[in-house]
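Asker: First the structure, which I've put down as structure tokens, then a few questions once you've had a look.
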């Protein structure tokens with residue numbers, strides 16, 4: 003169950019005040035100097051390369067104060083920089099000491115270019131090979147070699163100076179029902195080992211916890227919000243699987259006969275004993291694993307994680323399960339929206355009040371396992387911080403005349419949800435209503451889309467932005483990310499983004515979340531989850547040409563008070579009215595009393 007303790011909103015920020023950054027950076031520099039290094043790299047990632055990390059692995063936050071879910075630090079003798087993308091431009095300024103850490107816009111400025119400019123020829127940068135992928139290190143070595151800047155693997159220097167570093171996680175794993183999965187673990191292992199045999203590869207080294215959880219139909223608790231178990235595995239082309247994890251975590255779980263559980267300390271010897279070629283996914287495999295195989299003389303083949311695409315393309319059972327989760331979640335969100343409408347005009351609510359209220363409505367379902375990420379609840383200017391996380395120190399009142407952005411999600415055994423609504427607190431200005439409506443037009447454009455099979459997210463991303471572009475506006479994040487089923491709320495490889503070339507396939511679940519952010523004033527985002535389906539046939543369609551469409555999974559009202567109907571065309575207006583009619587039909591039966599009456603008003607035609 004999600005954490006409701008009074009200290010929750012201090013969380014890790016209590017140990018990562020900006021003022022703590024300079025002395026910790028000084029200690030790191032002493033360690034670098036003692037070992038003869040000119041720099042050390044500190045990524046957000048852990049050895050499993052997931053988005054979320056255990057408290058033990060919050061090295062970037064501990065050192066710099068920056069708690070975003072993506073970014074990295076390069077610490078040199080006389081300079082240190084924190085690299086972040088457009089989602090965290092404001093957050094990094096608030097959370098770090100500007101005299102110690104310079105914020106750098108990434109990927110506009112690449113790490114290799116910054117290092118080449120900041121270091122003298124012959125400089126040496128150290129890194130922990132367990133927390134950097136082989137792809138990252140290969141790119142850096144290629145770029146820095148001509149500059150005569152060398153990379154040096156070493157133990158993690160932050161660990162060496164972090165005296166009260168938390169212990170590794172040790173949560174028990176649990177079985178996930180085959181009725182939700184639609185395939186047994188044995189069937190999945192046979193499915194993903196087949197392409198290894200066809201490619202003539204002896205094995206694949208599996209490093210992603212969500213791939214492991216999907217493959218074995220298990221869920222864990224080693225990190226917050228994403229129900230995975232930490233561990234590595236070697237998948238053999240004959241269908242055998244060696245799982246390297248704490249056996250105590252797996253007590254009572256019935257694994258397939260071909261799964262052999264080994265202690266984590268046996269992993270290194272097992273790698274050295276492999277016969278190649280062994281497939282590694284360069285985008286997710288720690289450089290340390292590649293180096294271990296190379297040292298043992300084992301041939302490496304580069305290729306995708308064979309679990310990635312089957313995990314992304316949901317089975318009919320997974321889709322059925324997640325539809326049920328979304329109806330349950332939609333009713334909880336509707337109860338929150340009704341509560342908010344009644345309480346917010348008083349001006350007495352705070353951001354934390356809203357987070358607690360929404361999570362309490364979800365908890366009342368009796369099915370909530372956890373939130374799927376830390377709820378983003380931004381009043382007024384905080385809404386413009388894309389991944390804002392309220393803390394006891396930043397907690398702001400929700401005041402009349404503001405916009406309030408709340409982006410949240412839940413983990414239920416039958417599905418993972420993610421929904422954003424932007425709400426008016428009293429009358430909204432014309433500028434805010436116009437921007438909201440442009441964002442809504444972009445969300446509707448994706449929702450209504452029919453598109454030829456074979457297109458990827460980059461082919462349709464512009465449709466969500468076009469209404470904003472017409473007004474000289476845009477947003478600095480992707481339009482959508484993949485979502486798992488009681489797994490990661492941010493799942494690959496599917497995305498709706500300028501950088502995604504992965505074809506969209508029936509069964510994939512994605513978010514649809516355009517936005518607009520005015521620094522210091524307000525933020526707007528509207529988000530539903532959608533599933534890729536085959537598009538129904540229509541008269542006059544090209545024979546033999548297959549089209550796809552999106553099925554909306556999320557059902558909760560969109561704030562009609564913020565819609566400028568003059569900016570909508572007939573089709574957009576019809577879609578919004580149809581969506582609201584469906585929300586009323588699907589969610590209404592789960593509400594009663596004042597909430598049911600409120601829903602009827604909130605879903606009335608425009």
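In my numbering, the protein residues as written are 3 to 608. Idealized CB from N, CA, C, for every residue including glycine.
Between the region 88–101 and the region 523–533, do three or more beta carbon pairs fall short of 8 Å?
Answerer: no
Asker: Using 7 Å as the limit for Cβ to Cβ distance, is residue 74 near chain B?
Answerer: The chain inventory of the structure shown lacks chain B, comprising one protein chain alone.
Asker: How close, in whole Å, do the beta carbons of residue 127 and residue 312 come, if the pair is a contact with beta carbons under 8 Å?
Answerer: Not confirmed; about 38 Å, so no contact.
Asker: What residues are listed by DSSP as bridge partners for residue 83?
Answerer: 76, 104
Asker: Does the contact criterion of 3 or more C-beta pairs under 8 Å hold for the region 225–233 versus the region 287–306?
Answerer: The region 225–233 vs the region 287–306: no contact.
Asker: Which of the three DSSP states, helix, strand or coil, is assigned to residue 420?
Answerer: Secondary structure at residue 420: coil, using DSSP grouped into helix, strand and coil.
Asker: Using only alpha-carbon positions, find the residue among 145, 325, 122 that is nearest to residue 615.
Answerer: Because the chain in this structure spans residues 3 to 608, residue 615 falls outside the shown range and cannot be described.
Asker: Would you mind reading off the limits of the beta strand (DSSP E) that contains residue 2?
Answerer: Only positions 3 to 608 of the chain appear in this structure, which leaves residue 2 out of reach.
Asker: Leaving out the 5 sequence neighbours to the left and right, which residues in its chain are closer than 6 Å to residue 376 when beta-carbon positions are compared?
Answerer: 391
Asker: How would you call residue 533, buried or exposed, if buried means at least 16 neighbouring beta carbons within 10 angstroms?
Answerer: buried
Asker: What span of residues does the beta strand (DSSP E) with residue 512 cover, start to end?
Answerer: 511–514
Asker: Go to residue 371, then tell me how far its beta strand (DSSP E) extends in each direction, as first and last residue.
Answerer: 370–373
Asker: Where does residue 516 land, buried or exposed, given buried means 16+ other C-beta within 10 angstroms?
Answerer: buried
Asker: Would the region 22–30 count as touching the region 50–59 if we require 3 or more Cβ pairs under 8 Å?
Answerer: no
Asker: So, does the region 265–276 touch the region 287–303, judging by three or more C-beta pairs under 8 Å?
Answerer: yes
Asker: Which residue or residues does DSSP assign as beta-bridge partners of residue 245?
Answerer: 235, 263
Asker: Between the region 389–409 and the region 451–460, are three or more C-beta pairs nearer than 8 Å?
Answerer: no
Asker: Consult DSSP for residue 389 and reduce its assignment to one of helix, strand or coil.
Answerer: Residue 389: coil per DSSP, three-state reduction.
Asker: May I ask you to report which of helix, strand or coil DSSP gives residue 398?
Answerer: coil
Asker: Just to check my reading of the structure: residue 531 and residue 511 have Cβ atoms closer than 8 Å, yes? What is that Cβ distance to the nearest angstrom?
Answerer: 6 Å
Asker: Once the 5 residues before and after residue 90 are set aside, which same chain residues still bring their CB inside 8 Å of it?
Answerer: 68, 70, 72, 73, 388, 389
Asker: How is residue 519 classed by DSSP in three states: helix, strand or coil?
Answerer: Strand at residue 519.
Asker: With which residues is residue 458 paired in a DSSP beta bridge?
Answerer: 505
Asker: Tell me which same chain residues have a C-beta within less than 7 Å of the C-beta of residue 9, skipping the five on either side of it?
Answerer: The predicted position of residue 9 is uncertain, since its pLDDT is 42 and thus under 50; a value taken from the coordinates is nonetheless stated next. For residue 9, where only same-chain residues beyond five positions count, there are no Cβ hits under 7 Å.
Asker: Among all the DSSP beta bridges, which residues are the ones paired with residue 535?
Answerer: 551
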